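J.: First, the structure itself, so that you have it in front of you.
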Amino acid sequence: MTEIKIKRVYEDPSDTDGYRVLVDRLWPRGMKKEHLKYDYWAKELTPSSDLRKWFHEDIPGHWKEFAEMYRKELETSDKTSEFLSRIRSCESVILLYASKEPVYNHARILQAFLEERLRK
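So our numbering is basically just the index in the sequence shown, starting at one, shifted up by 469.
The structure is reproduced here in structure tokens:
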């Protein structure tokens, strides 16, 4: 089964990272495109702009509701099944995010969602 991990884009890549996927809608601040090692930029799997902006108004306070709303966006998107098909044959997938926040982070929600779908 595909192993999915998350990692900040600012951390050095590892030889064991596998398929590296950027999961932020916006390019990471201060990161030159030629310096980021990634295989795919999955903008289509990121939270919608409105949801992201609302979440950033009160990150800890909006976390639970944000997680539910983001999962609904993932469930209703055709792009989610396309991405699952893309990674199903990968041994390891790294979801790359830029946020300084390691806990209240959409990459964690995406990781759990994809793992659940891959088990089905």
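For each residue, glycine too, the CB sits at the ideal point set by N, CA and C. As the structure is a prediction and not an experimental result, all values here were calculated from the model.
Could you tell me which residues DSSP puts in a beta bridge with Leu491?
T.: In the DSSP output, where bridge partners are listed per residue, Leu491 has Trp510 and Leu565.
J.: Could you pull the DSSP bridge partners for Arg477 from this structure?
T.: Tyr566.
J.: Identify whether Glu472 lies in helix, strand or coil by the three-state DSSP scheme.
T.: It is a strand residue.
J.: Would the beta-carbon of Leu564 fall within 8 Å of that of Tyr539?
T.: Contact: no.
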